[in-house]
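Here's the structure we're looking at; comments come further down.
Residue numbers (full-length UniProt numbering): 1 to 908.
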């Protein structure tokens with residue numbers, strides 16, 4: 001009621017957003033004529049002019065109207081595309097740090113150039129984030145003429161790039177890359193041992209394309225850099241052999257909603273009998289229980305050709321949202337190994353985490369974050385709560401003409417596929433193209449066989465054929481084309497009615513300074529064939545004439561196809577099943593009806609579909625039976641539509657709770673990660689870390705005195721324990737304890753005397769070894785021990801998180817306990833690290849005088865790159881970490897740390 005009253009008084013959020021945007025768009029348009037009158041050189045000089053204005057105190061908001069008008073004019077001159085007013089609105093929303101929801105085909109790639117250009121003027125680097133390498137490369141190269149004209153550099157991050165190329169790409173004004181690459185580079189930057197090895201230069205402003213895919217669908221995906229563990233893989237084969245002997249309903253219960261399997265009491269006894277053990281839940285068998293559960297999930301929940309495929313002896317994960325294969329990624333926690341055992345392929349060893357971060361916490365590093373997508377409004381609450389991002393819905397440039405038909409529901413999957421085949425045959429008879437959406441590889445292949453048996457020519461776009469993705473999607477709008485696509489495969493590529501506009505590619509690649517060629521290109525782009533042919537006939541060479549004729553022939557064929565498809569009703573979207581998230585269904589529908597094109601959509605469902613089956617289709621099935629509905633009869637009823645909507649909302653709410661819960665756990669690690677990375681950066685940025693080390697010395701000395709010298713009476717102190725600790729680090733005990741007793745504040749006097757001895761000893765060591773050599777040694781040992789302790793801490797936190805659920809039996813909150821225990825473990829890890837650094841540095845010696853060693857400049861990728869989803873996917877190996885401390889100073893020896901071949905303990 002209150003919301004209705006507020007809407008009447010103040011208008012809806014959509015209306016309020018438009019009221020803020022429209023005046024700014026009008027101001028941008030007021031600059032258009034003035035900007036159009038600028039010469040190319042004057043227009044190009046706008047960038048320096050804007051930078052000067054920023055230096056003189058103006059803000060980005062103040063120069064926005066003129067800057068946006070400048071980008072629009074450059075786009076017209078370089079790409080032949082003029083930003084629509086609604087694209088200006090989208091650009092403003094992005095600059096404000098919001099999510100710009102623009103329907104498919106509204107030109108989000110071009111829209112982003114406005115906010116990218118404006119924010120790049122600050123000189124801190126702008127990151128444009130895409131979902132895959134292909135789109136990063138395509139969008140950067142597509143928009144590069146605008147940035148080149150405006151004297152801005154563009155970098156592209158690709159997966160297999162060399163370190164120097166990667167660093168150069170990040171140093172550019174504008175950088176295009178994928179979410180995975182940005183995240184892994186951040187983690188690697190915080191594992192390097194020299195400042196020059198870092199590739200990123202900060203996190204100022206990012207625009208996330210397909211923001212719902214990256215910040216919602218992949219939000220449960222931690223990025224992990226790992227190293228191999230020493231555990232044997234035999235246990236997976238052993239456990240895998242017992243799973244077929246377990247009976248569903250008796251030995252285990254399957255929960256499809258939660259995607260989990262639980263052993264029953266009978267099942268526990270059965271497993272104990274098979275494995276010949278007395279107690280499966282004995283402390284020493286905790287690992288065994290875990291692997292039994294993972295093997296059960298591998299066999300009973302995860303399906304081949306739905307959740308994963310097997311190719312070339314490897315288990316490759318299928319992205320549940322896009323249907324794309326994710327080679328190199330692995331489920332963690334032993335699940336991937338369980339799948340490998342199930343499929344009888346080579347089992348890879350588990351790995352140990354060296355560094356990790358979730359996308360949620362990575363993207364919250366940016367000073368300003370924004371995003372673009374066609375479907376964000378249904379997840380507006382999550383975007384606001386997790387990322388503090390508001391969704392601004394931008395109106396389409398032209399009204400949407402797509403007709404969204406009611407769902408058709410059938411009793412069985414067989415009846416559904418029969419009805420789908422009938423509709424596809426009708427569509428083909430009138431040359432109307434169809435995009436058929438499926439939710440798994442398995443279903444896409446079943447449907448493909450049905451169409452093949454019926455003699456219907458079609459293309460299949462699923463994870464197995466993703467390399468042809470752009471080509472297949474681009475041609476999905478040809479007359480009569482039938483394209484089966486898994487979920488949102490091909491997202492990011494427009495489906496143009498009439499098929500791919502190859503003539504445009506030929507025009508764009510034809511670089512000629514000839515004025516007549518430019519005039520021909522402009523006429524051909526406008527499809528003004530009479531003028532284009534007239535210009536072509538008068539070109540000054542036969543080769544130019546021939547090329548122009550080829551382009552015109554291609555353009556005429558496309559125009560004919562385009563008009564034929566328009567006449568047939570545009571692209572038809574045929575959904576074969578509802579996804580658990582309404583947003584994914586909206587994405588599929590959104591592929592049709594771009595830029596005012598005609599189109600239509602319909603979803604076909606059956607009571608055997610997963611969503612319908614899991615969320616209560618029994619009632620609907622009962623009604624159909626009572627009504628004695630004949631086979632093949634569909635049902636269209638508000639009760640069915642409401643049931644589907646309720647099921648989808650419940651799943652969306654459940655998934656949001658999971659993501660929020662995971663973030664709460666990761667926030668504990670994130671606070672600890674910030675402390676460690678801040679300390680690391682302080683070491684990397686300073687050639688001399690003696691000040692830090694001296695601070696550590698005072699801290700651990702104070703802690704030791706407080707632990708052994710309690711109370712005001714020195715006679716009750718554990719002086720021998722203190723002395724043993726002190727001399728154990730190679731320090732001389734030059735203390736007259738009688739003098740200590742006589743002092744007014746014995747504890748403070750003792751601290752001052754011992755600190756004086758340590759500092760003197762430390763300075764003598766520096767003088768003896770040489771200050772320049774010592775600085776390098778000290779810094780490298782500091783980093784080596786810091787990294788080692790952080791790695792051990794990550795391992796401890798992984799185990800803590802795995803076992804924390806047991807505190808629930810004691811009626812304690814697992815999250816609260818995880819926070820409390822996690823911080824206790826972290827404090828202990830920090831104390832241990834400080835002790836080890838001080839102990840090592842006090843003991844270390846250089847066995848021979850050497851010149852100051854050069855800092856190591858060579859860069860190596862560190863660890864394995866791993867990513868994951870709800871089950872924490874993991875990924876491809878890319879090198880191994882090396883100990884820079886020992887390589888920089890091979891003649892150093894010491895104690896208190898990990899043993900090295902070149903080390904020896906200092907004799908005391």
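Don't be surprised by glycine CBs; every beta carbon is placed ideally from N, CA and C.
1) Pull up the DSSP beta-bridge partners for residue 485, would you.
2) With DSSP run on the structure shown, which of helix, strand or coil describes residue 662?
3) Three or more C-beta pairs closer than 8 Å, one from the segment 174–192 and one from the segment 112–127: is that the case here?
4) Using DSSP with H/G/I as helix, E/B as strand and the rest coil, what is residue 127?
5) Using CA atoms only, rank isn't needed, just tell me which of 509, 604, 564 is closest to residue 431.
6) Where do the ends of the alpha helix (DSSP H) carrying residue 711 lie?
7) From residue 413 to residue 584, what does the alpha carbon distance come to, in whole angstroms?
8) Could you tell me whether the segment 548–556 touches the segment 64–73, using the rule of 3 or more Cβ pairs below 8 Å?
9) Would you check if there are 3 or more beta carbon pairs closer than 8 Å linking the segment 388–397 to the segment 87–99?
10) Nearest to residue 574 by CA position, among 592, 559, 568, 581, is which residue?
11) Let me check understanding here. Comparing Cα to Cα, which of 155, 161, 222 lies closest to residue 659?
12) Identify every run of the beta strand (DSSP E) within the segment 302–344, keeping only runs that are complete inside it and at least 3 residues long; order them along the chain.
13) Between which two residues does the beta strand (DSSP E) harbouring residue 408 extend?
14) Expressed to the nearest angstrom, what Euclidean distance is found between the alpha-carbon atoms of residue 266 and residue 292?
15) When the Cβ atoms of the segment 399–411 are set against those of the segment 18–38, are three or more pairs found closer than 8 Å?
16) Leaving aside the five residues before and after residue 246 along the sequence, list all residues of the same chain whose C-beta is less than 7 Å from its C-beta, in chain order.
17) Could you give the DSSP three-state label for residue 18: helix, strand or coil?
18) Does residue 59 pass the burial test, meaning 16 or more other C-beta atoms within 10 Å, or should it be called exposed?
19) Can you check whether the CB of residue 572 is closer than 8 Å to the CB of residue 600?
20) By Cβ distance, which residues of its chain are closer than 6 Å to residue 378, with the 5 residues on each side in sequence left out?
21) Quick check: the segment 536–548 against the segment 595–615, are there 3 or more CB pairs under 8 Å?
22) Between the alpha carbons of residue 207 and residue 532, how many angstroms are there, rounded?
23) How many angstroms separate the CA atom of residue 458 from the CA atom of residue 567?
24) Note the first and the last residue of the continuous beta strand (DSSP E) segment covering residue 254.
25) Closest to residue 418 by CA distance: which of 606, 374, 370, 344 is it?
26) Return the CA-CA distance between residue 484 and residue 442, expressed in angstroms with no decimal places.
27) Would you call residue 466 buried or exposed, if buried means 16 or more other Cβ atoms sit within 10 Å of its Cβ?
28) According to DSSP, residue 571 sits in a beta bridge with which residue or residues?
29) Tell me whether the beta-carbon of residue 939 lies closer than 8 Å to the beta-carbon of residue 101.
30) Are residue 355 and residue 274 closer than 8 Å when you measure CB to CB?
31) State the CB to CB distance for the pair residue 477 and residue 455, rounded to an integer number of angstroms; the pair is presumed to be in contact (CB under 8 Å).
32) Going residue by residue through the segment 137–222, where are the continuous alpha helix (DSSP H) segments of at least 4 residues, counting only ones entirely within it?
33) Take residue 339 and list the residues in its own chain whose beta-carbon comes closer than 8 Å to its own, dropping the five residues that flank it on each side.
34) Leaving aside the five residues before and after residue 78 along the sequence, list all residues of the same chain whose C-beta is less than 7 Å from its C-beta, in chain order.
35) Could you check what DSSP says for residue 850 in three-state terms: helix, strand or coil?
36) Hey, residue 841 and residue 778 are a contact pair by Cβ (cut 8 Å); roughly how many whole angstroms apart?
Checking against the coordinates, here is how it stands:
1) 437, 461
2) In the displayed model, residue 662 falls within a helix according to three-state DSSP.
3) The segment 174–192 is in contact with the segment 112–127.
4) strand
5) 564
6) For residue 711, there is no enclosing alpha helix (DSSP H), since its DSSP letter is neither H nor E.
7) 21 Å
8) no
9) yes
10) 592
11) Out of 155, 161, 222, 222 has the C-alpha closest to the C-alpha of residue 659.
12) 308–311, 314–318
13) 408–410
14) Cα to Cα, residue 266 sits roughly 14 Å from residue 292.
15) no
16) 252, 267, 270
17) In this structure, residue 18 counts as helix in the three-state DSSP scheme.
18) exposed
19) yes
20) 582, 583
21) no
22) Rounded to the nearest angstrom, the two C-alpha atoms are 39 Å apart.
23) 21 Å
24) 252–255
25) 606
26) 12 Å
27) In this prediction, residue 466 has a pLDDT of 48, which is less than 50 and means its spatial position is unreliable; nothing more can be read from the coordinates.
28) The partner list for residue 571 (beta bridge, DSSP) reads 599.
29) Only positions 1 to 908 of the chain appear in this structure, which leaves residue 939 out of reach.
30) no
31) 22 Å between Cβ atoms; not a contact.
32) 163–171, 179–189
33) The answer, listed in chain order, is 298, 302, 308, 315, 331.
34) 145, 146, 149
35) Its pLDDT being 43, under 50, residue 850 is placed unreliably in this model, and the value from its coordinates should be taken loosely. Of the three classes helix, strand and coil, the one that applies to residue 850 here is coil, per DSSP.
36) 6 Å
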